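Note that this note's numbering has the sequence shown beginning at 1, numbered continuously upward.
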Amino acid sequence: MKHFLFILTFSVAYSTYSQSEKSMLTHYKEYYNQMRTQGDVQGVINALTHLNILSPSQARKDTLAVLYMNEGKHVQALNTIGIESNENDSDMAVEVKAISLQVLNQIERSVEHYEELYKRKPNPLVAYELADLKIQLDDLLGATKHITFGVANSKSDVMRTYYESQSQYQVPMKAAFIYLKGLVRFKENKTLNIDAAIEIMDEALAIAPNFNLAQISKDALLSQKTTQ
1 MKHFLFILTF SVAYSTYSQS EKSMLTHYKE YYNQMRTQGD VQGVINALTH LNILSPSQAR
61 KDTLAVLYMN EGKHVQALNT IGIESNENDS DMAVEVKAIS LQVLNQIERS VEHYEELYKR
121 KPNPLVAYEL ADLKIQLDDL LGATKHITFG VANSKSDVMR TYYESQSQYQ VPMKAAFIYL
181 KGLVRFKENK TLNIDAAIEI MDEALAIAPN FNLAQISKDA LLSQKTTQ
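Structure, rendered in structure tokens:
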């Protein structure tokens, strides 16, 4: 009889817990939808966090990481999905890791994830990030490979946004890659390649006269030339 009462009590408790869990899931799903309707990003993050605790899902984790990243909370984004490379990661997760590590100046780790994105689907946008980062790491051969791909595969309607001036601006991807080509040429020999690098910057400026960063780089090269 005691065993029967214990089983009955356990069954009732389990049933109550299951009903409570379902009720909470329903509540947070409704809360999530309402926060989305209101455009409340922090509310959406809170709702997804609770939903993931109640019903764990890698897709929810990935979405949470994207939301954190878009809010500039890169540490939280990486804490949500980790920083290690995993071939089973979704494209979304790999992109979050690459971008967030780049923002946090973890260049080598960032390159690892951009390489994975590039391997899955080569495209000029990822190639640009890889070329830029590899220039910073002095991997000029690696950077040149991505620049060559980028120049050959950039469509005229695909733009690169820059933020170094007071107002952001865009230039065609081809001009952006030519600018990187100029940086590589200069870094290959900072004494002998100044003129060649200036010519390449002029190439980029011919495509995009508004290319402020290329103009700044050209001016710096001209200044260095006059001091030699």
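We put the beta carbon where it would ideally sit given N, CA and C, even for glycine.
Only a predicted model underlies this, so the values are computations on that prediction, with no experimental measurement involved.
- With fewer than 16 neighbouring CB atoms inside 10 Å of its own CB, T37 falls in the exposed class.
- In this structure, L64 places its C-beta atom within 9 Å of the C-beta atom of L48.
- Residue state for P122 is assigned as coil, using DSSP reduced to three classes.
- Y169 carries a strand assignment under DSSP once its states are collapsed to helix, strand and coil.
- Linking D157 to P209 through their CA atoms gives a straight-line distance of about 16 Å.
- Judged by beta-carbon spacing, L54 lies beyond the 9 Å limit of A131, meaning their Cβ atoms are not closer than that value.
- CA-CA distance, I178 to T148, rounds to 9 Å.
- A check of alpha carbon separations from E115 across N105, A127, L104, E84 identifies A127 as the nearest.
- Taking 3 residues as the minimum length, the beta strand (DSSP E) runs contained wholly in the region 132–186 are 159–162, 169–172, in order along the chain.
- Inclusion of A143 and V184 in the CB contact set at 9 Å is warranted, their separation being smaller than that value.
- Taking the CA atoms as reference points, L205 sits about 45 Å from Q58.
- For the pair V44 and L67, the CB atoms are nearer than the 9 Å cut-off.
- Rounded to whole angstroms, S20 and L51 show a C-alpha spacing of 14 Å.
- In this structure K218 is not in contact with I194, their Cβ atoms being roughly 10 Å apart against a cut-off of 8 Å.
- Contact between P172 and I200 is ruled out by a C-beta separation of about 15 Å, above the 8 Å threshold.
- Around the C-beta of G39, fewer than 16 other C-beta atoms lie within 10 Å, and the residue is accordingly described as exposed.
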